[in-house]
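Worksheet for the structure shown next.
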Amino acid sequence: KAGVTQTPRYLIKTRGQQVTLSCSPISGHRSVSWYQQTPGQGLQFLFEYFSETQRNKGNFPGRFSGRQFSNSRSEMNVSTLELGDSALYLCASSLGPGPGQGTLFGEGSWLTVV
Amino acid sequence: EDQVTQSPEALRLQEGESSSLNCSYTVSGLRGLFWYRQDPGKGPEFLFTLYSAGEEKEKERLKATLTKKESFLHITAPKPEDSATYLCAVIPGQAGTALIFGKGTTLSVSS
Chain G
1 KAGVTQTPRY LIKTRGQQVT LSCSPISGHR SVSWYQQTPG QGLQFLFEYF SETQRNKGNF
61 PGRFSGRQFS NSRSEMNVST LELGDSALYL CASSLGPGPG QGTLFGEGSW LTVV
Chain U
115 EDQVTQSPEA LRLQEGESSS LNCSYTVSGL RGLFWYRQDP GKGPEFLFTL YSAGEEKEKE
175 RLKATLTKKE SFLHITAPKP EDSATYLCAV IPGQAGTALI FGKGTTLSVS S
């Protein structure tokens with residue numbers, strides 16, 4: 001059974017650029033959540049999508065956005081990148097809305113902003 | 115404000131030396147408490163979910179317990195392969211579907 005797939009795994013961007021990260025959940029999972037992980041702040045919730053609808057959003061600026069497609073794949077976008085956006089971005093998938101025993105995380109996308 | 119605090123930040127053990135990691139939480143209602151293990155460069159790996167005070171769950175050398183204010187992850191006779199960062203997270207009663215994570219305890223087990 002394939003796990004949660006995140007692409008790209010590593011990327012370097014310049015301040016002011018934008019970036020799009022992709023997440024393919026476990027087959028059959030309809031919920032996708034995104035988290036940002038930094039050494040200083042730890043893991044922080046960005047947003048959750050279930051059946052193409054955003055169900056919950058964390059305390060991040062509007063530069064951070066996301067969407068979910070009909071096949072449950074999800075993308076998140078960060079516009080006007082800042083140095084502080086350098087982080088590991090993690091995607092988690094689960095069958096239904098909210099975390100549970102079936103929630104699985106991907107390996108993450110490492111973003112470096114220079 | 116909902117908050118999760120883990121202690122200690124780092125813990126070094128000798129192989130076979132049992133210990134406990136602490137996760138204290140302040141939330142408006144608790145719908146669930148989760149323990150994850152994270153290896154360097156990897157995503158968190160699910161270990162346990164606890165829902166109510168008094169609940170306990172075990173998996174190999176790990177045992178998680180829950181009270182009304184904190185959770186413990188007990189590690190019995192650890193091995194070097196248990197070295198990782200252990201993360202605690204809660205889902206509060208009124209926070210929708212977001213997990214609130216602690217900053218983790220980094221465990222190093224030497225042989």
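Top line first, the protein sequences correspond to chains G and U. Read in the working numbering, the first sequence has 67 at position 67, and its numbers run on one by one without any break. Read in the working numbering, the second sequence has 117 at position 3, and its numbers run on one by one without any break. All residues carry an ideal CB built from backbone N, CA and C; glycine is no exception.
(message) Using DSSP's beta-bridge definition, name the partner residues of residue 57 of chain G.
(response) G:47
(message) If we define contact as Cβ-Cβ less than 8 angstroms, is residue 43 of chain G a contact residue for chain U?
(response) yes
(request) Show which residues of chain G have a CB atom less than 7 angstroms away from the CB atom of residue 143 of chain U. (result) Those do not exist, as residue 143 of chain U stays about 14 angstroms from chain G at its closest Cβ, beyond 7 angstroms.
(message) Please give the ranges of any beta strand (DSSP E) in the stretch 125-158 of chain U, keeping only runs that are unbroken, at least 3 residues long and fully inside the region.
(response) 133-140, 144-152
(request) Assess, as a yes-or-no matter, whether the stretch 178-187 of chain U is touched by the stretch 83-95 of chain G under the definition of 3 or more beta carbon pairs within less than 8 angstroms. (result) no
(request) Please report how far the alpha carbon of residue 162 of chain U lies from the alpha carbon of residue 148 of chain U, in whole angstroms. (result) 6 angstroms
(request) Quick one: list the residues of chain G neighbouring residue 156 of chain U, beta-carbon separation under 9 angstroms, in chain order. (result) 105, 107, 108
(request) Could you tell me which chain G residues have their CB closer than 9 angstroms to the CB of residue 201 of chain U, listed as they occur along the chain? (result) 42, 43
(message) So for residue 42 of chain G, helix, strand or coil by DSSP?
(response) strand
(request) Answer with yes or no whether the minimum CB distance from residue 173 of chain U to chain C is below 8 angstroms. (result) In the structure shown, chain C cannot be found, because the protein chains are G and U.
(request) Please name the residues in the stretch 85-97 of chain G whose beta-carbon is closer than 7 angstroms to at least one beta-carbon of chain U, in chain order. (result) 90, 97
(request) Note down, in chain order, every chain U residue with its Cβ under 7 angstroms from the Cβ of residue 52 of chain G. (result) Under the 7 angstroms cutoff, chain U gives no residues; its nearest Cβ is about 15 angstroms from residue 52 of chain G.
(message) What residue range does the beta strand (DSSP E) around residue 4 of chain G cover?
(response) No beta strand (DSSP E) holds residue 4 of chain G; DSSP gives it neither H nor E.
(request) Kindly say whether residue 48 of chain G, judged by its beta-carbon, lies nearer than 8 angstroms to any beta-carbon of chain U. (result) yes
(message) Please determine whether the Cβ atom of residue 28 of chain G lies at a distance below 7 angstroms from any heavy atom of the ligand ADP.
(response) Of ligands this structure carries none, so the ligand ADP is not represented either.
(request) Identify each residue in the stretch 54-78 of chain G for which the Cβ-Cβ distance to at least one residue of chain U is less than 9 angstroms, and report them in chain order. (result) 55, 56, 57, 58
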